[in-house]
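Participant: Residues in the sequence shown are numbered consecutively from 733, following the working numbering. Every residue, glycine too, gets a C-beta built ideally from N, C-alpha and C. All values derive from a computational prediction rather than experimental measurement.
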Amino acid sequence: MYKNILKNIRLEQEITQTIIAKKIGISRGRYSQYETEIDIMPIKHLYIICKYLNVSLDYLFEFSKTNNYTKINRLEIDKIKSGIRIKEFRKSKHITQKELANILNTVQPVIAKYEKGINTIATPFLYDICRKYNISADYLIGITDNPKILK
Numbered sequence: 733m734y735k736n737i738l739k740n741i742r743l744e745q746e747i748t749q750t751i752i753a754k755k756i757g758i759s760r761g762r763y764s765q766y767e768t769e770i771d772i773m774p775i776k777h778l779y780i781i782c783k784y785l786n787v788s789l790d791y792l793f794e795f796s797k798t799n800n801y802t803k804i805n806r807l808e809i810d811k812i813k814s815g816i817r818i819k820e821f822r823k824s825k826h827i828t829q830k831e832l833a834n835i836l837n838t839v840q841p842v843i844a845k846y847e848k849g850i851n852t853i854a855t856p857f858l859y860d861i862c863r864k865y866n867i868s869a870d871y872l873i874g875i876t877d878n879p880k881i882l883k
């Protein structure tokens with residue numbers, strides 16, 4: 733998902749795991765598990781890392797060669813905006829919440845909570861949607877307004 737590029741970016745910028753771990757408020761050991769994808773990093777942590785390293789989530793996921801679309805100024809992900817975009821995406825593909833849940837191997841109430849802005853979308857679900865439908869992860873979670881569709 734992101735392990736191939738995250739470590740390279742961190743090393744290129746000469747930043748230690750300890751520094752990034754402190755930035756996102758976790759231990760270095762926990763960060764190491766995330767960086768090697770022993771465990772999947774939550775979107776809220778990936779968002780902070782993208783801001784800190786000044787890279788796009790699409791670049792981190794290797795969906796785009798554009799490493800940054802814009803300077804990110806928001807402190808955290810706007811769950812409401814993200815929810816609206818997830819719902820708009822789903823409807824544009826004529827997919828019900830239940831169908832999307834089946835595609836992602838989850839249940840419909842999980843999708844409903846994302847769309848209502850109650851929960852932030854899980855990293856693997858965001859990755860799978862974006863990869864399958866060529867939609868920008870940065871767009872879908874509200875980091876940028878363009879590009880919406882990746883080539």
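Determine whether the beta carbon atoms of Pro-841 and Ile-772 lie at a separation below 8 angstroms.
Facilitator: Taking 8 angstroms as the Cβ cut-off, Pro-841 and Ile-772 do not qualify as a contacting pair.
Participant: May I have the straight-line CA-CA distance separating Tyr-784 from Lys-845, to the nearest angstrom?
Facilitator: Spanning the two alpha carbons is a distance of roughly 28 angstroms.
Participant: Does the beta-carbon distance from Lys-811 to Gly-849 come in below 8 angstroms?
Facilitator: Taking 8 angstroms as the Cβ cut-off, Lys-811 and Gly-849 qualify as a contacting pair.
Participant: By the three-class DSSP mapping on this structure, what secondary structure does Ile-781 have?
Facilitator: Correct three-state label for Ile-781: helix.
Participant: At which residue ranges does the segment 753–779 contain complete alpha helix (DSSP H) runs of 4 or more residues, listed in the order of the chain?
Facilitator: Here the runs fully enclosed are 760–767.
Participant: Once the 5 residues before and after Leu-836 are set aside, which same chain residues still bring their CB inside 7 angstroms of it?
Facilitator: Around Leu-836: Phe-857 and Asp-860.
Participant: So for Ile-881, helix, strand or coil by DSSP?
Facilitator: If DSSP states are grouped into helix, strand and coil, Ile-881 belongs with the strands.
Participant: Taking just the CA atoms, how far does Asn-851 sit from Thr-748?
Facilitator: Rounded to whole angstroms, Thr-748 to Asn-851 spans 30 angstroms at the Cα level.
Participant: Please return the same chain residues whose Cβ sits closer than 6 angstroms to the Cβ of Lys-813, not counting the five positions on each side in sequence.
Facilitator: Cβ within range, chain order: Gly-874.
Participant: Quick check: what's the CA-CA separation for Arg-863 versus Glu-744?
Facilitator: Near 26 angstroms, if we compare the C-alpha coordinates of Glu-744 and Arg-863.
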